[in-house]
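In the UniProt record's numbering, the protein residues as written are 1 to 215. Let me begin by presenting the structure, written as structure tokens, before commenting on it.
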Amino acid sequence: SKKRSKEVKTGGGGGFGKVSNLSPELQKVVGVPELPRTQVVRKLWAYIKEKNLQDPSNKKNIRCDESLRSIFRVDTINMFQMNKALSKHIWPMDRENAGPAVSTPRARKRKKEKLEDANDAQPKEKRHSGFLAPLPISEAMVKFIGTGERILPRSAVVKRIWDYIKENNLQDPSDKKTVICDDKLKELFEVDSFVGFTVPKLLKTHFIKELKEEQ
């Protein structure tokens, strides 16, 4: 149907299936700190329909409630502007300091070409590095996970941290993006609390290969 094809179009484009960090404002609406862009668009539309935020006289226009205003900084937005504005809230997983991603198609194309050039220049075995490549983990992380596993991909470690946070209800009830550390997490991260999207950064010291490369 027409409506379905329009929704799919808002999430279209290459690389949108890649898991990304989400800004605190976007996390509040979709409920998780990491998602592929296509899923973000889908969840956002589900939220808009659940709260009945489409303008009855023109369904392409969205009337922002408080949560959407914190993301888009406007009272009303159309579906095409919304897709563009989302780029400021969807950040690459491998970005050192999470921040707004480049949003223009030309800049995205240049970035893609640069990445392809870099890939061609690297040995093939190095291409598997990154979020899904298994890495040796620290003794503290081995102890925290408790299964005896010593080599895990970052994605699996992030998932286990979030599973632990949810199982033990460690998200601040008044502000879900903040995690209040129990003794186990305090011992692991050496902080009393942290914001959800900083988990990958906090984990950096627990991947042995990364530490060796930096020394």
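Cβ atoms here follow ideal geometry from the backbone N, Cα and C, with glycine treated the same way.
According to the neighbour-count rule (16 or more other Cβ atoms, all chains shown, within 10 Å of its Cβ), is residue i buried or exposed?
| i | result |
| --- | --- |
| GLU50 | exposed |
| PHE80 | exposed |
| LEU132 | exposed |
| ASN168 | exposed |
| ARG73 | exposed |
| LYS59 | exposed |
| GLY31 | exposed |
| GLY146 | exposed |
| ARG127 | Annotation note: pLDDT 44 at ARG127 (below 50); position unreliable, coordinate value reported separately. ARG127 comes out exposed. |
| ASN78 | exposed |
| SER23 | buried |
| LYS177 | buried |
Would you identify the three-state DSSP class for residue i, choosing helix, strand or coil?
| i | result |
| --- | --- |
| ARG63 | strand |
| ASP172 | strand |
| ASP192 | coil |
| THR205 | helix |
| LEU132 | coil |
| THR147 | coil |
| THR198 | helix |
Please go through the same chain and pick out, in chain order, the residues whose beta-carbon is closer than 7 Å to the beta-carbon of residue i, but skip the five residues on each side of it.
| i | result |
| --- | --- |
| LYS186 | ASP192 |
| GLY17 | PRO36 and THR38 |
| ASP182 | ASN168 and LEU170 |
| LYS166 | none |
| ALA98 | Any reading at ALA98 must be qualified, since the residue scores a pLDDT of 48, below 50, and its modelled position is unreliable; no value is offered. |
| ILE161 | VAL199 |
| LYS184 | PHE144 |
Ordered along the chain, which non-local residues of its own chain (more than five positions away) have a Cβ less than 8 Å from that of residue i?
| i | result |
| --- | --- |
| VAL142 | GLY148, GLU149 and ARG150 |
| VAL29 | LYS43, LEU44, TYR47, SER67, LEU68 and ILE71 |
| ASP65 | LYS51 and LEU53 |
| VAL158 | GLU34, VAL199, PRO200 and LEU203 |
| SER5 | With a pLDDT of 44 at SER5, under the threshold of 50, the modelled position of this residue cannot be trusted; read the value that follows with caution. There are no such residues. |
| VAL19 | GLU34, LEU35, PRO36, MET93, PHE131 and SER155 |
| PHE189 | CYS181 and LEU202 |
| PHE194 | THR178, VAL179, CYS181 and LEU202 |
| LEU26 | VAL40, ILE71, LEU86, HIS89 and ILE90 |
| ASP55 | ASN61, ILE62, ARG63 and THR76 |
Got a sec? Which residues, its chain only, sit under 6 Å from residue i by beta carbon, not counting five neighbours each side?
| i | result |
| --- | --- |
| PHE207 | LEU135 |
| PRO173 | none |
Counting only runs that start and end within the UniProt domain "DM2" (15 to 92), where is the alpha helix (DSSP H) found for 4 or more residues in a row? Fully enclosed alpha helix (DSSP H) runs of 4 or longer: 24 to 30, 37 to 50, 66 to 72 and 79 to 85.
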